[in-house]
Amino acid sequence: MVVCGAVAAAGVACGMPGSPPQASAAEGQASSVFTPAHGTFRSAVNDYFWVKQRAEQPIEFPHKTHIEKGAKCTEYCHESVTKGPVAGLPGVNTCMVCHTMFATDRPLIKQITAMQEKGLDLQWQRVYRYAPQAHVRFNHAPHIRAGVECSTCHGDIAHQTVAQRNIDLHMGFCVSCHRQKHAPNECVTCHF
Ligand code: HEC
Ligand code: HEC
Ligand code: HEC
Ligand code: HEC
Numbered sequence: 001m002v003v004c005g006a007v008a009a010a011g012v013a014c015g016m017p018g019s020p021p022q023a024s025a026a027e028g029q030a031s032s033v034f035t036p037a038h039g040t041f042r043s044a045v046n047d048y049f050w051v052k053q054r055a056e057q058p059i060e061f062p063h064k065t066h067i068e069k070g071a072k073c074t075e076y077c078h079e080s081v082t083k084g085p086v087a088g089l090p091g092v093n094t095c096m097v098c099h100t101m102f103a104t105d106r107p108l109i110k111q112i113t114a115m116q117e118k119g120l121d122l123q124w125q126r127v128y129r130y131a132p133q134a135h136v137r138f139n140h141a142p143h144i145r146a147g148v149e150c151s152t153c154h155g156d157i158a159h160q161t162v163a164q165r166n167i168d169l170h171m172g173f174c175v176s177c178h179r180q181k182h183a184p185n186e187c188v189t190c191h192f
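The letter at position 170 of the sequence shown is residue 170 when you use our numbering, and the numbering goes up by one with no holes.
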């Protein structure tokens with residue numbers, strides 16, 4: 001992986017012999033060119049340089065519209081956030097729990113309906129994710145139990161369309177709250 005990144009930095013195509021670099025493939029979709037950690041050429045390069053670029057989502061999902069209609073972050077879409085480490089990202093079947101009824105005539109809803117009919121799923125890009133080299137262990141559930149709001153770590157996604165990276169979750173951010181709240185603060189609390 002590192003060799004691959006270094007070669008890419010020098011401007012040389014990087015991939016298996018005979019297969020072109022897939023810079024144009026949507027990130028997050030599987031390709032045979034890279035290891036599972038690097039679905040595409042671009043993601044391999046970004047990962048190497050620790051670039052946290054803006055996510056490009058398959059659908060302009062309007063968070064604001066859903067929150068205004070009374071949907072909760074922890075219902076349907078990010079249900080596992082209260083139960084364990086990962087918040088989870090909704091599949092198309094989750095959307096269709098509601099969208100067989102709501103807004104069925106809108107173009108974007110027709111698009112997801114068609115995806116479900118074809119057995120395709122939504123390939124969301126994660127907006128927050130640590131590079132594997134940072135060896136960070138994070139767990140959502142204890143924070144939700146302790147009453148830490150989503151917005152403390154993710155900003156005002158409730159008023160955004162597509163989720164943006166509003167807050168830089170660097171180590172100092174985590175450690176200073178842990179110090180304040182007397183939460184565990186040893187290196188192994190957050191690192192493996
Ligand atoms: C809990 C029910 C619920 C779930 C789950 C849900 N939605 Fe919605 N969605 C709504 C409601 C209600 C509206 C507003 C409809 C209206 O404007 O009348 C809406 C609106 C939308 C719109 C705006 C439509 C337009 O063009 O005006 C899009 C796009 C959308 N949803 C996509 C999704 C996607 C993608 C998912 C799955 C990730 C999803 N929704 C999951 C209830 C839901
Ligand atoms: C204490 C800070 C913190 C709080 C509070 C928090 N998150 Fe996160 N969230 C993170 C971090 C850190 C990541 C990235 C984790 C990683 O890379 O392993 C993340 C990742 C995510 C992701 C990306 C996909 C995934 O499954 O990890 C979603 C979605 C998400 N959070 C939703 C939520 C929601 C919804 C809430 C509130 C119910 C919430 N988060 C509360 C810190 C937080
Ligand atoms: C706003 C305050 C706050 C922020 C920011 C925060 N945490 Fe926490 N964290 C807590 C609290 C409170 C607990 C719960 C402690 C408990 O259950 O006794 C906790 C618990 C944890 C735990 C579980 C510890 C254990 O052994 O039970 C981990 C892991 C963790 N945090 C990692 C992180 C990481 C990584 C970040 C940065 C992305 C972060 N936290 C940001 C307040 C925070
Ligand atoms: C409360 C959680 C937390 C604790 C405790 C913690 N770290 Fe971190 N650490 C992080 C997070 C989150 C990152 C990733 C920052 C990023 O990628 O932006 C990080 C990154 C790092 C890095 C990579 C360089 C960097 O700054 O990005 C090193 C090295 C590191 N931590 C060492 C330590 C050591 C040594 C300790 C114990 C003295 C420690 N950490 C304790 C959360 C924590």
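For every residue, glycine included, the Cβ atom is placed at its ideal position computed from N, Cα and C.
Can you tell which of C187, K64, R42 has its C-alpha closest to the C-alpha of H135? Ranking C187, K64, R42 by CA distance to the CA of H135 puts C187 first.
Using the Cβ count rule (16 or more neighbours within 10 Å means buried), how would you classify Q125? With at least 16 other beta carbons inside 10 angstroms of its own, Q125 counts as buried.
Would V92 and L122 be called neighbours here (beta carbons separated by less than 8 Å)? A contact, by the Cβ cut-off of 8 Å.
Could you tell me whether any non-hydrogen atom of ligand 2 is closer than 7 Å to the CB of C98? No - ligand 2 has no heavy atom lying nearer than 7 Å to the Cβ of C98.
Backbone CA spacing between A146 and C95 [nearest angstrom]: Rounded to whole angstroms, A146 and C95 show a C-alpha spacing of 29 Å.
Closest to A114 by CA distance: which of K64, G88, H99 is it? With distances taken between Cα atoms, A114 lies closest to H99.
Using a Cβ-Cβ cutoff of less than 8 Å, which residues in the same chain neighbour H178 once the five nearest sequence positions on both sides are dropped? Close CB contacts of H178 within its chain, under the 8 Å cut and outside five residues either way in sequence, are with P184, N185, T189 (chain order).
When the distance is taken between beta carbons, is T161 closer than 8 Å to K64? Cβ distance < 8 Å, so K64 and T161 count as in contact.
Report the residue ranges of all alpha helix (DSSP H) runs contained in full by the segment 70-110; include only those spanning at least 4 residues, in chain order. Taking 4 residues as the shortest admissible run, the segment 70-110 contains the following complete alpha helix (DSSP H) segments, listed from N- to C-terminal end: 92-99.
Can you list, in chain order, the residues of its chain with a C-beta nearer than 7 Å to that of S199? Leave out the 5 residues immediately preceding and following it. No answer is possible for residue 199: it lies beyond the span of the chain, which begins at 1 and ends at 192.
Smallest Cα separation from G84: which of H140, K118, R42, Q180? For the residues H140, K118, R42, Q180, the minimum Cα distance to G84 belongs to H140.
Would you mind working out which of A55, A163, A103 sits nearest F61, comparing C-alpha positions? Closest by alpha carbon: A163.
Given a cut-off of 8 Å on the beta-carbon distance, is the pair F192 and R137 in contact? Yes, Cβ-Cβ distance for F192 and R137 is below 8 Å.
Decide if T104 is buried, meaning its Cβ has at least 16 other Cβ atoms within 10 Å, or exposed. Exposed.
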